[in-house]
Each structure stands twice: as structure tokens, then as C-alpha cells.
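Worksheet: the structure to be examined is printed underneath.
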Amino acid sequence: MKFYTVIAHFDLSMHTEWEVKSFTRLENASKFGKEMKQKFLTMINGSKLDQMESHEDDRGEPQFYNFYGVCELGENFATIEISEQEFAD
33 MKFYTVIAHF DLSMHTEWEV KSFTRLENAS KFGKEMKQKF LTMINGSKLD QMESHEDDRG
93 EPQFYNFYGV CELGENFATI EISEQEFAD
């Protein structure tokens, strides 16, 4: 059985935060990854992303979602990635 783990790492000037969740469906993992991107944008409270440093990657359908974002001042960044694992019982 395959499952998908979303790891979201937020490194902000005031603190660091991790969110980790696993899903049996890739579509749900991708949706959660995008929600974590929105959480990061909310956490940096209107700061713009540095377009030269930030990137977002959706690969095909279904999607493996990856995001790396850095605010323009460089003090806050986030990485969000989905990995696939096999579970043998």
C-alpha cells in the first residue's frame, strides 16, 4: 500500500514550526500541501515572496506538490514537500 506524507517546515524570524501529515490519496496530500502554502503566506502577513528564490512545482495529474518560498527580506522561508512511501503489512 502506498501513502503520501506532507512535510511543511516554516522557518520564521521569531520561531520554527513543522507540520507533518500522511494521506492514502495523493490528491488529498496535494490539497493539504497547497493549504500549507497559504498558511505560510498568512504567517508572513502580506510580505511579498522573492520571485528569484521562491518556486512551486506541480507535476502532472495526480500531483506531487513541492514549494519553496522566501520572503523578499529573506528572514522567513518555508519548504513544503510530498513524498511517497510503501507500507507493507
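First residue of the sequence shown: 33, per our numbering; consecutive thereafter. Don't be surprised by glycine CBs; every beta carbon is placed ideally from N, CA and C. These figures come from a predicted structure and were not determined experimentally.
Would you mind working out which of T48, M46, K63 sits nearest S54, comparing C-alpha positions?
It is K63.
Identify the continuous alpha helix (DSSP H) that holds F119 and give its terminal residues.
Neither: F119 is in no alpha helix (DSSP H) and is coded neither H nor E.
I'd like the list of long-range same chain contacts for N98, defined as Cβ closer than 6 Å, with 5 residues on each side in sequence excluded.
Within the same chain, N98 has close Cβ partners D89, E113.
Helix, strand or coil: which one does DSSP assign to E59?
Helix at E59.
What does a CB cutoff of less than 7 Å around F35 pick up in its chain, not counting 5 residues either side in sequence?
Result list for F35: S54, F55, T56, Q117, F119, in chain order.
Got a sec? Which residues, its chain only, sit under 7 Å from F96 by beta carbon, not counting five neighbours each side?
Taken in chain order, the residues that qualify are I114.
If N108 and S79 are in contact, beta carbons under 8 Å, what's the gap, nearest whole angstrom?
Right, their Cβ atoms sit about 7 Å apart.
What do you get for M68, buried or exposed, if any count of 16 or more other CB atoms within 10 angstroms of its CB means buried?
With 16 or more other Cβ atoms within 10 Å, it is buried.
Would K71 and F42 be called neighbours here (beta carbons separated by less than 9 Å)?
Contact: yes.
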